[in-house]
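Enquirer: Have a look at this one before I ask anything.
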Amino acid sequence: MIFTNGRVILTDGIRDDLDVVVRDGRIAELCPRTAVGEGIDLRGNFLGPGFVDLHVHGALGRDMMDGSADSLRAICRYHATGGTTSLLATTATSEIEQIGS
Numbered sequence: 004m005i006f007t008n009g010r011v012i013l014t015d016g017i018r019d020d021l022d023v024v025v026r027d028g029r030i031a032e033l034c035p036r037t038a039v040g041e042g043i044d045l046r047g048n049f050l051g052p053g054f055v056d057l058h059v060h061g062a063l064g065r066d067m068m069d070g071s072a073d074s075l076r077a078i079c080r081y082h083a084t085g086g087t088t089s090l091l092a093t094t095a096t097s098e099i100e101q102i103g104s
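The sequence shown begins at 4 in the working numbering and counts up one residue at a time.
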C-alpha cells in the first residue's frame, strides 16, 4: 500500500515530497513522490506515526480496573480513533487484590 500526496511528519520536520510505502502493516520505505496514480491520496493531509499514550485509565465509561477483555477492547478502540496505536494501562489507587485481578 502506498500513501501519497500527504504531509509526512518526521522527527526532523514535515516533508511534502514523500510517499510512504506500507507492507505487512509496517512502514517499509519512504520514497520520492511518484507521478503514478496508484495508492491512497491523502489530499495534503498530515501522515505521522501512531501515538503512544503512557497513562490510560479508561474511556467511554470503561475503566482499566474493570478487569474485563470487553472493557479493554472498548478502551483500545476508542483511543485508536485519535491515533493512539499503543497504550499503557494505568490502574487507580486501590487494594493490591483489586489491581491484580
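Glycine included, each C-beta is placed from N, C-alpha and C at the ideal position.
On the DSSP letters alone, give me the boundaries of the alpha helix (DSSP H) that Pro72 sits inside.
Expert: Looking at the sequence shown, residue 72 is not Pro but Ala. Unbroken alpha helix (DSSP H) run through Ala72: Ala72 to Ala83.
Enquirer: Any idea what DSSP makes of Asp66, helix, strand or coil?
Expert: If DSSP states are grouped into helix, strand and coil, Asp66 belongs with the strands.
Enquirer: Where Ala72 and Cys79 are concerned, what is the direct C-alpha to C-alpha distance, given to the nearest angstrom?
Expert: C-alpha separation (whole angstroms): 10 Å.
Enquirer: Go ahead and label His3 buried or exposed: buried means 16 or more other beta carbons lie within 10 angstroms of its beta carbon, across all protein chains shown.
Expert: Only positions 4 to 104 of the chain appear in this structure, which leaves residue 3 out of reach.
Enquirer: Under 8 Å between the Cβ atoms of Arg10 and Phe49?
Expert: For Arg10 and Phe49, yes; Cβs fall inside 8 Å.
Enquirer: Say the cut is 7 Å; is the CB of Arg29 nearer than that to a heavy atom of the ligand GTP?
Expert: No copy of the ligand GTP occurs in the structure displayed, which carries no ligand at all.
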